[in-house]
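Engineer: I have a structure I would like to understand better, so I am pasting it below and will then ask my questions one at a time.
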Amino acid sequence: MSPGENGAAFLVDHNSLRASHGLDESTVADVRFVGETLSARVPELIEDFYAWLRGFSDFARFFADPRMLQRVKAQQNEYWTDFLAANVDDAYVERRRVIGRTHARIELGLLIYLLAMEFVSAWLRRAIENDERLRARTTAALSVRKLIAFDSAVVVDTYGALTAQNLEDHRERLHHVASVMRAVTEGDLERHIDLAGPGDILGLSLNDLVDSLRGVAREMEAIAGGDYSAQPSPRSDKDQLGKSLQAMTRALREAAERNDRQMWLAEQENALAQAMSGNPTMRELAQRVLALLCRALSAQVGAQYVAEDGGATLRLAGAYAGVSGMREQWRLGEGLVGQVALDKRRIVVTDIPEDGLAIHWGLGQTPPRHLLIFPLLHEGETRGVIELGALQPFCERRLAILDFVSSGVGQAISSAEARGRIEQLLEESRAQGEELTAQQEELRQVNDTLEEHTRALELQKENLLATESALRQKAVELERTSRYKSEFLANMSHELRTPLNSSLILAKLLVDNRDGNLAPEQIKYAQSIYSAGNDLLALINDILDLSKIEAGKIELDMAPTAISTLLADLERRFEPLAAERRLQFSISVEPGAPDMIETDRQRLQQILSNLLANAVKFTERGGVRLIVRRESTQRVAFIVEDTGIGIADDQQETIFQVFRQANGGITRKFGGTGLGLSISREFAELLGGALSVRSTPGQGSAFSLLLPLRADGAATPMARREEPPPAPAAPAPAPISDDRDVIADSRRVALIVEDDPAFAEILRDLARELGFKCIVAGSAGDALTLARRFRPEALLLDIGLPDQSGLTVLELLKRDPAIRHAPIHVVSVHDYQKVAREMGAAGYILKPAKREQLVSAFRLLEEQLDRDKKSILIVEDEGVQRMALMELLSSADVEIVAVATAEDASREIDARRFDCVVLDLMLPGVSGFEFLERMSRDETRVAPPVIVYTARSLGMDEEQKLRRLSKSIIIKGARSPERLIEETTLFLHQAESKLSPEQQHMLEIARSRDNVLDGRRLLLVEDDVRNIFSLTAVLEREGVTVQIARNGREALERIDRDPTIDLVLMDLMMPEMDGLAAMRAIREREDKAALPIIALTAKAMPDDRAQCLSAGANDYISKPIDVEKLLSLIRVWMPK
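All residue numbers for the sequence shown refer to this note's numbering, where the first residue is 7 and numbers rise by one.
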């Protein structure tokens, strides 16, 4: 015995315990080794122990106290962490003795401690076995067991020592008991206490305890040794230890069975991987897999089939204990084998008929009693089927092996097939290699011959390199020359157009003679100047077209073109010219001629115009005829015949050269540049056709233009031009087919202005569904021409058109008395809704638009067309003035409602719809401003346009209120009866012909007093003095105050100094800072983001428009400037 710290004597010295339990340094090192891996899993160990312990009802009270449970768990975490650290010194032993003393002090039996030790021992053994690194250290599990036994001995020893101390007073009586207990603590459970008599309860109890411990020890020893077959039975219903031991044994036995099953599956999976390793053939793979499965599943016979022909058939690949006569092939779905392949599910069959698969051995054969068939799968597809037969039923637990066998063997089959294909390819490659070797020998002989030729060619190559170098240098020089030419033409265009622009504008001002101070003869001089300027402009355009052709910069816009429309345009243009020269003019379309041709309409019209113009020009008597005929199924001919002077044979090719005509005499007599025919032939070739001539001098000529009906033969790919051409004399054909050729009158006619053919087709079809005849225009110029020609009842207008803004079209149409009454609905991706509504648009839809919105737009147009009367609400408190307004605006097709207060006006607007409201701001009670605010807040309906009619000037605060309200309501001012007439007819879409003579006269007065531009401030940024003079003259005549800046930098300085500038006209080509840079700088200023800018350019480059808009311009106009278009653009963008 050894003394303890409190004076008690321990039964056994811990050094003796170390020796008795074989606790040496190697054992401690093993435990530390285990601890390096498993220390982190101590919390998991403790949770597993309590999960197991919850199965014992005896410890329910222990789990009922969460705080104590948490404390004990923490102590156990420290205990097992300390255990796995394995620092087995005196302090370590003392910590174990503290546990023993605690158990004794609280009278907690050793059973739970021993159970915990046994559970941990089994848990650590499994963890070691499942870890490859720990399993490699063969002594690790035994060393852990030894240290657990040592810990148990120390705790039990301490527990016994303290108990002995408590019984010190009964030492003599219990001396024998102590000796027995000492033997028990040393592991000797064979001792018994001699009973003092039949009433020796202590002795009986202790003997029972020893017997119980002996039984427990035997069973625990068996469990520790891995024997879980014992079936401990409780000694009574109250034998909690027996019940706990029974439950623990059962749990450990089940855990061991699971571990054994998992280890068996792992061994089989490993064995399968080894069987499939290497590069076995399909038969070798089948033999290995079947042998493994038959051993693992106790099967006596087996066969493996492999899918072929894309899975349609199954071929026998190998067998185990098979004999001849086995079926070699199955179709998918045939028999059980084919059905398993189809369903991809295993089948187990019992009671096999005797005439089926048989198990053979040396002395005889017998049919299997049980059959297992399962698929081999890879990536969800059946790669094969395995069939196994056995005399005994298959073990259900062992069938778990099929999960990895099915996928593993399926993948191996795919790999074996791939290897087979590769070997086949290698064999083919080997054969080809041998063939190549033979060919190489032949080539070597040929090569010897070629080497001689090569040496001769080397000399030629040196000569060619010298020639190529010279040609390359020449090409560089030609490219430089071409670039200089292009730059020269671009600069020439600007330099020619700039003075021409000012000449045309000033000539137009003289022709208009607004002041009436020119004589008729002077006006005729001005008309001559204007005509000569336009002729010069046409010459410049011809030169630029020719230069673009030579540079390959012409882009074609190939689209279906109606030949009848083209001919009608040519007839309208040239019939008056022929009549003026007393010539007959006719157009003949022969039977069988096509109706449509897919080509560039502008270029075709340009060719035919040149040919007809020459024919009229060089014909003094007789006539000119244009004939259209089909030359073949794929080609059409346009023939221009005349009875003119004719062309000699030796001159018939010369006339197609640049600046050449038939002879000098003709040039002197008839004038001209000789460019027309040259450009026409170039255009004909670009369109995939040809231009030729046949002529007899003195009898006339016939020019034949032959073109393909489809664009496939065009010399250049179809492309949309970046820059629209100058407006033609007649409208271009619709981008899609429309109804222009079948329109008899303007009733129920809608004009759709849209450059996107796909969207235009949608609008056209929808218009036809709703009963409209439809005309389609793809540009602003065509829209204006078609509108004035057909007088449509309604229009749908896009803003982003290729040549001009749709807002310009809207402004020009609303200024045209013959068309302004037609309601116009805008459909655009640009949000200019407020501007468009102020200009008189009936509605506005933002793209992308839904079909329901488009239908609503047409319904709105239809409603406005079908309504016999339009309605006006007059809000005026003064009775005489109210009656005067009703008299002023009254018309046969207008219904007028007049009220005196804002409250009455609100009730009327709630009760019915008005097309327009005329409002006096100074009303009793609720003022006009408050009335407008109420309308702007009402989101349940679209407010009608409001015309503020007042005689007095508005203050600054009142002007700001109106500007704020005008963001949600269209508000316009009218300070005179004439202006009021103009604004109301605009919003009512009234035809002027339906107005009274007095109202028509007042409308003329309003237009003559059109002061939209009067008093506005405009900055003209232009470096050319002639253009400054001409543009200033035009603008000042309209009442505009013009400021001048000579370059972009001056423009920025003036804009920064003068915040009252309303609009900027910006030229592009200027010194110091060009127009593009100036516009970008303006847009960078936050306070100038909304300042309208219209760009002016000489149109030298095709992408000027895109550059201007991206730089910040609101719109764009090219030189020479059309004055009316410029003024229209300014009116559109001038801030209201």
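Note that the Cβ used here is the ideal one computed from N, Cα and C, for glycine as well.
In this text the structure is predicted, and so the values were computed from the model without any measurement.
Please classify I977 as buried or exposed, where buried requires at least 16 neighbouring CB atoms within 10 angstroms.
Structural biologist: Interpretation of I977 is limited by its pLDDT of 45, a score under 50 that renders its predicted location unreliable; the figure taken from the coordinates is listed afterwards. By the 10 Å Cβ count, I977 comes out buried.
Engineer: Roughly how many whole angstroms lie between the Cα atoms of F125 and N265?
Structural biologist: 16 Å
Engineer: Would H384 be called buried (16 or more neighbouring beta carbons within 10 Å of its own) or exposed?
Structural biologist: buried
Engineer: Using 10 angstroms around the beta-carbon of P470, count the other beta-carbons present and answer buried if the total reaches 16, otherwise exposed.
Structural biologist: It is worth fixing the name first, because residue 470 is Leu in this sequence and not Pro. By the 10 Å Cβ count, L470 comes out exposed.
Engineer: Please list the terminal residues of the continuous alpha helix (DSSP H) segment that includes G812.
Structural biologist: 812-821 is the extent of the alpha helix (DSSP H) around G812.
Engineer: Which partner residues of T907 appear in the DSSP bridge assignment?
Structural biologist: Per DSSP, none; premise fails for T907.
Engineer: Can you round the beta-carbon distance between A917 and V881 to whole angstroms, since I take them to be within the 8 Å contact cut?
Structural biologist: At roughly 15 Å, the Cβ-Cβ gap does not stay under 8 Å, so A917 and V881 are not in contact.
Engineer: Pull the bridge partners of D606 from the DSSP assignment, please.
Structural biologist: M564
Engineer: Quick check on P381: buried or exposed, where buried means 16 or more other Cβ atoms within 10 Å of its Cβ?
Structural biologist: buried
Engineer: Look at the Cβ atom of N2, then the Cβ atom of I1136, and state whether they are nearer than 8 Å.
Structural biologist: Any question about residue 2 goes unanswered here, given that the chain covers just 7 to 1142.
Engineer: Do the region 49-66 and the region 101-114 meet, that is, are 3 or more Cβ pairs less than 8 Å apart?
Structural biologist: no
Engineer: Look at the alpha carbon of T991 and the alpha carbon of K820, and state the distance between them as a whole number of angstroms.
Structural biologist: 10 Å
Engineer: By DSSP, does D788 sit in helix, in strand, or in coil?
Structural biologist: If DSSP states are grouped into helix, strand and coil, D788 belongs with the helices.
Engineer: Would you be able to state if there are at least three C-beta pairs under 8 Å between the region 598-606 and the region 630-644?
Structural biologist: yes
Engineer: For C780, name the three-state secondary structure that DSSP assigns.
Structural biologist: strand
Engineer: Between G650 and A621, is the Cβ-Cβ spacing less than 8 Å?
Structural biologist: Contact check for G650 against A621 passes: the beta carbons are separated by less than 8 Å.
Engineer: Ignore the nearest five residues each way along the sequence and tell me which others in I703's own chain have a CB closer than 6 Å to its CB.
Structural biologist: Per the sequence presented here, residue 703 reads as Pro, with Ile not at that position. For P703, where only same-chain residues beyond five positions count, the Cβ hits under 6 Å are G652, A654.
Engineer: Excluding the 5 residues flanking L90 on each side, which residues of the same chain have their C-beta closer than 8 Å to its C-beta?
Structural biologist: V37, R38, V40, G41, L44, S45, V48
Engineer: Rounded to the nearest angstrom, what separates R700 and V646 at their Cα positions?
Structural biologist: One C-alpha to the other measures close to 11 Å.
Engineer: Looking only at its own chain, which residues have a Cβ that is under 7 Å from the Cβ of N453, when we skip the five neighbours before and after it?
Structural biologist: none
Engineer: Just the C-alpha distance for K1131 and T814, rounded to the nearest angstrom, thanks.
Structural biologist: 8 Å
Engineer: Report the residue from K1125, V517, R478, T1038 whose alpha carbon sits nearest the alpha carbon of D1073.
Structural biologist: K1125
Engineer: According to DSSP, is Y85 helix, strand or coil?
Structural biologist: Here Y85 carries a helix assignment [DSSP, helix/strand/coil].
Engineer: What first and last residue would you give for the beta strand (DSSP E) that runs through I1067?
Structural biologist: Careful: I1067 lies outside any beta strand (DSSP E) and carries neither H nor E.
Engineer: When DSSP builds the beta bridges, which residues end up paired with P714?
Structural biologist: R641
Engineer: Alpha carbons only, please: which of A911, R425, S435, G317 is nearest the one belonging to G386?
Structural biologist: G317
Engineer: Let me know if I112 comes out buried or exposed under the rule of 16 or more other beta-carbons within 10 Å of its beta-carbon.
Structural biologist: exposed
Engineer: Counting pairs of Cβ atoms below 8 Å between the region 149-158 and the region 124-141, do you hit three or more?
Structural biologist: yes
Engineer: Would you identify the three-state DSSP class for P798, choosing helix, strand or coil?
Structural biologist: coil
Engineer: Thinking C-beta only, is V312 closer than 8 Å to G395?
Structural biologist: no
Engineer: Does A1057 get closer than 8 Å to chain D when you measure Cβ to Cβ?
Structural biologist: Of the protein chains in this structure there is only one, and it is not chain D.
Engineer: Under three-state DSSP, which class holds G629?
Structural biologist: strand
Engineer: Going by the DSSP bridge assignment, what does D1073 pair with across the sheet?
Structural biologist: L1102
Engineer: Pick helix, strand or coil for K876, following the three-state DSSP scheme.
Structural biologist: strand
Engineer: Per DSSP, V312 is paired with what?
Structural biologist: R321, G390
Engineer: What is the DSSP secondary structure of D1121, reduced to helix, strand or coil?
Structural biologist: strand
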